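For reference, the structure is listed below as structure tokens.
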Amino acid sequence: MRLLKKYSALYVMMVPVIAYFLVFAYYPLVKGLQTSFQDYKLMGDRPYVGFENYSAVLHDSLFWEAVVNTLVIGGGILCFSFAAPLAIALSLNEVLRTWFKKAAQMILYVPHLLSWVVVGGIWIFMLSPDSGIINMILVHVFHMKPINFMADSGWARWILILLATWKEMGYTCILFLAGIVSINPSLYEAARMDGATRWKQLIYVTIPQLSNTMKVVFLLNTLGILRIFDEVFILRNPTIAAKVDVLMMYTFQKGILEIQLGPAAAASFFVLLLTLAMTLVVRRITRFDEV
Numbered sequence: 167m168r169l170l171k172k173y174s175a176l177y178v179m180m181v182p183v184i185a186y187f188l189v190f191a192y193y194p195l196v197k198g199l200q201t202s203f204q205d206y207k208l209m210g211d212r213p214y215v216g217f218e219n220y221s222a223v224l225h226d227s228l229f230w231e232a233v234v235n236t237l238v239i240g241g242g243i244l245c246f247s248f249a250a251p252l253a254i255a256l257s258l259n260e261v262l263r264t265w266f267k268k269a270a271q272m273i274l275y276v277p278h279l280l281s282w283v284v285v286g287g288i289w290i291f292m293l294s295p296d297s298g299i300i301n302m303i304l305v306h307v308f309h310m311k312p313i314n315f316m317a318d319s320g321w322a323r324w325i326l327i328l329l330a331t332w333k334e335m336g337y338t339c340i341l342f343l344a345g346i347v348s349i350n351p352s353l354y355e356a357a358r359m360d361g362a363t364r365w366k367q368l369i370y371v372t373i374p375q376l377s378n379t380m381k382v383v384f385l386l387n388t389l390g391i392l393r394i395f396d397e398v399f400i401l402r403n404p405t406i407a408a409k410v411d412v413l414m415m416y417t418f419q420k421g422i423l424e425i426q427l428g429p430a431a432a433a434s435f436f437v438l439l440l441t442l443a444m445t446l447v448v449r450r451i452t453r454f455d456e457v
């Protein structure tokens, strides 16, 4: 009781935060779980149907197509959005000119600030088969036929993976650079005294000391694999829909377009459970608790 009085101001400050999560996170979660067991209608009775919604989702071929698309696209984004920023951060760390390093960081970070509506519009224009700069280069420089990237199912997944990597590269790169800056300089001095080259310093000092940051970034990227939506919603079209429709798009179509809220809620809980399972696996593999 004495501690409660002593830190009463802190507990009062926590009330709005707790209230926020209860109202905007936990209540919708509980309500969604309830909806997944109901024949939910916007008006009228909403009888409980047990696991029928979950069964309907599991027997829907579109759901399994969405699972495959999500794992392929999400897995590609996970790999590229981890490796590319890491390589760039390690490269920028070797740059001696401060102005160039700062300018590169700023240029890389700008796409992260843009919404997917803006990014999608820019790249739809750039990839246009008629006036897009990419096809102009292919035609006039390499003498190739123009490619309709946004209508070719063979390119669709790669475009989503590369654009997502490009958009978030600057943000992740800054996280890696922050980790590199925090490395104790004495480790590099000891390595140089032992005759280590810049390459060996990178392999035996920088990367091992950066392992904790790498674990955090990899886990954060894993959390987002199954929640891909914005880029798909902006860039998809009927021609490539079968190759790019992911789980969140499936949930959107069921819940918003078809107003089948029960199956949509069931699908969303499959996403939640799969995300939880993947996160636990990654934590175990990376030994995240040992950070």
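Residue numbers (the numbering used here): 167 to 457.
Built from N, CA and C at the ideal position, the CB exists for glycine as well.
Please read all numbers here as calculations on a predicted model, not as lab measurements.
Comparing C-alpha positions only, which one of the options sits nearest to residue i?
i      : options                           : result
Ala443 : Phe203, Gly390 and Met302         : Gly390
Val347 : Val183, Ile313, Glu260 and Asp296 : Glu260
Thr445 : Phe384, Tyr416 and Gln375         : Phe384
Ile243 : Asn378, Leu326, Thr452 and Lys409 : Leu326
Ala317 : Val178, Leu188, Leu199 and Ala408 : Ala408
Leu413 : Leu170, Ser434 and Gly421         : Ser434
Ala232 : Val410, Glu424, Gln200 and Ile422 : Val410
Arg393 : Met310, Phe418, Asp360 and Thr201 : Phe418
Thr405 : Leu199, Trp365, Ser377 and Asn314 : Asn314
Asn378 : Ser227, Phe190, Thr452 and Gly210 : Thr452
Arg402 : Arg323, Leu195 and Val189         : Arg323
Gly345 : Val447, Leu376 and Lys311         : Leu376
Does DSSP classify residue i as helix, strand or coil?
i      : result
Tyr206 : coil
Tyr173 : coil
Met415 : helix
Phe308 : coil
Ile425 : coil
Arg453 : coil
Asn259 : helix
Pro374 : helix
Asn314 : coil
Pro404 : coil
Once the 5 residues before and after residue i are set aside, which same chain residues still bring their CB inside 6 angstroms of it?
i      : result
Trp282 : Asp396, Glu397 and Ile400
Val437 : Leu392 and Leu413
Phe203 : Tyr214
Val448 : Leu385 and Thr388
Ile254 : Cys339
In the DSSP assignment, find the alpha helix (DSSP H) that holds residue i and state where it starts and stops.
i      : result
Gly216 : No alpha helix (DSSP H) contains Gly216, which DSSP labels as neither H nor E.
Asn350 : From DSSP, Asn350 is part of no alpha helix (DSSP H); its letter is neither H nor E.
Lys267 : Thr264 to Leu279
Ser297 : First-last for Ser297: undefined, no H or E at that position.
Phe399 : Asp396 to Leu401
Lys420 : Per DSSP, Lys420 belongs to no alpha helix (DSSP H) and is neither H nor E.
Val284 : Trp282 to Met292
Gly390 : Run containing Gly390: none; DSSP gives neither H nor E here.
Ala362 : Run containing Ala362: none; DSSP gives neither H nor E here.
Ala408 : Ala407 to Val410
Apart from the five residues just before and just after residue i, which ones in its own chain have a Cβ nearer than 8 angstroms to its Cβ?
i      : result
Val371 : Ile349, Leu353, Tyr354, Ala357 and Ala362
Leu170 : Tyr177
Leu199 : Ala431 and Phe435
Contact check, residue i vs residue j under 8 angstroms by CB: the rounded distance?
i      : j      : result
Val285 : Lys333 : 6 angstroms
Asn219 : Pro429 : 5 angstroms
Phe217 : Tyr416 : So it is not a contact: roughly 18 angstroms between Cβ atoms.
Thr201 : Leu440 : At roughly 19 angstroms, the Cβ-Cβ gap does not stay under 8 angstroms, so Thr201 and Leu440 are not in contact.
Leu368 : Leu256 : 6 angstroms
Gly298 : Phe308 : Going by Cβ atoms, the distance from Gly298 to Phe308 rounds to 14 angstroms, so no, they are not a contact pair.
Can you find the residues in the same chain that come closer than 7 angstroms, C-beta to C-beta, to residue i, ignoring five residues on each side of it along the sequence?
i      : result
Ala330 : Ile243, Ser247 and Glu397
Pro251 : Met335, Thr338, Cys339 and Phe342
Ala270 : Leu258
Val223 : Phe229, Pro429, Ala432, Ala433 and Phe436
Pro295 : Asn301, Pro312, Ile313 and Asn314
Lys420 : Gln426, Pro429, Ala430 and Ala433
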